[in-house]
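Number of protein chains: 2
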Amino acid sequence: MENYLFDFIEQYMPLTEEEKKAIVDLDIIRSFKKGTILVKEGDIIKGGYLVIKGCLRSYCIVDGEEKTTGFYTETVPIVPVFGADDSRAAHFVSCVEDSIVTVGNPDMEKETMEKFPRFEKLCLIISEQLLEKNLASFADFKNSTPEQRYLDLLKNRPGLLQRVPQHQIASYLGIKPQSLSRIRKRVAQNGTV
Amino acid sequence: MENYLFDFIEQYMPLTEEEKKAIVDLDIIRSFKKGTILVKEGDIIKGGYLVIKGCLRSYCIVDGEEKTTGFYTETVPIVPVFGADDSRAAHFVSCVEDSIVTVGNPDMEKETMEKFPRFEKLCLIISEQLLEKNLASFADFKNSTPEQRYLDLLKNRPGLLQRVPQHQIASYLGIKPQSLSRIRKRVAQNGTV
DNA sequence: TTCATTTTTTAACTTAAGTGAATGAACAAA
DNA sequence: TTTGTTCATTCACTTAAGTTAAAAAATGAA
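First to last, the sequence lines map onto chains A and B.
Residues in the first sequence are numbered from 119 upward in steps of one, following my numbering.
Residues in the second sequence are numbered from 119 upward in steps of one, following my numbering.
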């Protein structure tokens, strides 16, 4: 099971056997049932999550409505926010499906960082990469219509629509469920897809 | 002049005199004329910028049109993307006004990191904080109308509208200049502001 | 299976952004 | 000063999303 985690990390830097062993010893892999809420808004952040199997969703609640801010799956493996030492979560995170994830923990992370200083560099690279990706997504979002956003999602994350309720996709795209339904109809008719 | 930089860094961690001296020795403060293009899309990233005085703007060009992705001023002091070792810029960066900025440099940064390992931690904290902020902005953007975005910008970055051409603000808000003009008229009439 | 709940679709209507075109204002260069 | 350019505003028209409401379909639990 830890192999998923090794593969992920080794995209950025090779791991020594000693490091791998240390990671296994951390015992950070957990299973959660569909619907489990991993993080509540305002919680002290416990570290990052990495999805090994399943799907997590981050969202916030505005005027009683859930606004989905992200979906995290095997192919989009990394997660919400690492967070400074005592920062608080801005979003909820819940399981869209039964999921297996690695779960961070601040003490453990600190300890590991001290033992393997290379991991700090690793976190920096990952964080910068996430930032860069997010800036790019934001720019794309600004400069496209809801329909284009839907088509992009279909292209870039095929399968997500099969796994996630449509109204959650809609709020992720920044539109109402009715509009998404309309868009799907339009797209189907025009054979744009 | 370096004091701006010290103040910025010391928001995150206190600096020793030795570190301060090392920073001064780096000699990384530069002035640029309004209109100067600091980064072109596709350039190898040279490191971060920090605005001491003036205003930078990041943008990309889609179908011949400039799409503004960010404004960086004294109050929003930090910048585009640090970038992995050989990553390339996704955006242009230019000076909206005559500006004084600190300019990174990869060799220098690497050297400084080695001499002062604490700086790696600093970069990690900054990067995570930027990521967090950006995730929050993105979520807000998704869940608000163009008019609300305009009002938010007016509230959160007063003065920006006086410093930057309106059509650049418009593309930053993800709308056309005509729409921004309409929104301003609407807002002025309804006394929403 | 049945019933209740959630999710998705459809429709009529309202609202606001996009488009294309024209005008006026501000600004810089010759 | 004149000229050309860029920028902001306005208008008429088109397009699509929001809103409200209702119905249909899918899902899950008793």
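Just so it is clear, CB atoms sit at the ideal spot from N, CA and C, and this is done for glycine as well.
query	result
By how many angstroms is the C-alpha of Thr134/A removed from the C-alpha of Tyr177/A?	37 Å
Does Phe200/A come out as helix, strand or coil in the three-state DSSP assignment?	Legend: pLDDT at Phe200/A = 45, less than 50; position of this residue unreliable, value from coordinates given subsequently. If DSSP states are grouped into helix, strand and coil, Phe200/A belongs with coil.
Nearest-angstrom Cα distance between Met131/A and Leu240/A?	7 Å
Please state the DSSP three-state secondary structure of Glu184/A.	strand
List the DSSP bridge partners of Phe210/A.	Tyr177/A
Which two residues bound the contiguous beta strand (DSSP E) that contains Lys171/B?	Tyr167 to Lys171
Which term fits Ile301/A, buried or exposed, when burial requires 16 or more other beta carbons within 10 angstroms of its beta carbon?	buried
Under the assumption that Glu120/B contacts Gly172/B (Cβ atoms under 8 Å), give the Cβ distance between them as a whole number of angstroms.	Actually they are not in contact, since the Cβ atoms of Glu120/B and Gly172/B sit about 16 Å apart, beyond 8 Å.
Please classify Lys273/A: is it buried, with 16 or more other beta-carbons within 10 angstroms of its beta-carbon, or exposed?	exposed
Would you check if the distance between the CB atom of Lys164/A and the CB atom of Pro224/A is smaller than 8 Å?	yes
Of all the CB atoms in chain B, is at least one closer than 8 Å to the CB of Asp161/A?	no
For Thr230/B, which residues does DSSP report across the bridge?	Looking at the DSSP assignment, Thr230/B forms no beta bridge with any residue, so it has no partner.
Between the stretch 289-296 of chain A and the stretch 181-197 of chain A, can you find at least three pairs of beta-carbon atoms closer than 8 Å?	yes
What residues in its chain sit with their C-beta under 6 Å from that of Tyr122/B, if we drop five residues either side in the sequence?	Ile170
For Lys294/A, would you say it is in contact with chain B, using Cβ-to-Cβ distances shorter than 8 Å as the test?	no
On the criterion of 16 or more Cβ atoms from any shown chain inside 10 Å, does Lys185/B qualify as buried, or is it exposed?	buried
For Arg148/A, which beta-bridge partners are listed by DSSP?	Val219/A
Do Phe210/A and Lys158/A have their CB atoms nearer than 8 Å?	yes
Opposite Tyr290/A in the DSSP bridges: which residues?	BP columns for Tyr290/A are empty, so no partner.
According to the neighbour-count rule (16 or more other Cβ atoms, all chains shown, within 10 Å of its Cβ), is Glu183/A buried or exposed?	exposed
Verify the CB distance criterion: does Glu246/B have a CB-CB separation below 8 Å to chain A?	yes
Where do the ends of the alpha helix (DSSP H) carrying Ile243/A lie?	Arg236 to Lys260
Where Asp125/B and Arg304/B are concerned, what is the direct C-alpha to C-alpha distance, given to the nearest angstrom?	41 Å
Would you grab the beta carbon distance between Leu174/B and Ser205/B for me? Rounded to a whole angstrom, and I think it's under 8 Å.	Wrong, their Cβ atoms sit about 19 Å apart, outside the cutoff.
Cutting at 7 Å between CB atoms, please list the residues of its own chain near Cys237/A, excluding the five before and the five after it.	Looking at the sequence provided, one finds Phe at residue 237/A rather than Cys. Excluding sequence neighbours, Phe237/A sits near Thr230 and Met231.
Hey, could you find the ends of the alpha helix (DSSP H) Leu133/A is sitting in?	Looking at the DSSP string, Leu133/A is not in any alpha helix (DSSP H), and its letter there is neither H nor E.
Decide if Ala207/B is buried, meaning its Cβ has at least 16 other Cβ atoms within 10 Å, or exposed.	buried
If we cut at 8 Å on Cβ distances, does Thr193/B have a partner in chain A?	no
Looking at the strands, I want to know which residues DSSP matches up with Phe189/B.	Arg175/B
Need the endpoints of the alpha helix (DSSP H) that Ile301/A sits in, please.	Pro295 to Asn308
Between Arg148/B and the rest of its own chain, which residues show a CB-CB distance below 8 Å, the 5 nearest in sequence each way excluded?	Ile218, Val219, Thr220 and Val221
Going by other Cβ atoms of all chains shown within 10 Å of its Cβ, with 16 needed for buried, is Gly277/B buried or exposed?	exposed
For Cys178/B, return the contacting residues in chain A, with the cut-off set at a CB-CB distance below 8 Å.	Ala257
Would you kindly report the start and end of the unbroken alpha helix (DSSP H) that includes Pro264/B?	Pro264 to Asn274
With burial defined as no fewer than 16 other Cβ atoms inside 10 Å of the residue's Cβ, what is the status of Ile141/B: buried or exposed?	buried
For Ile163/B, report the span of its beta strand (DSSP E) as first-last.	Counting along the chain, Ile163/B falls outside any beta strand (DSSP E), and DSSP gives it neither H nor E.
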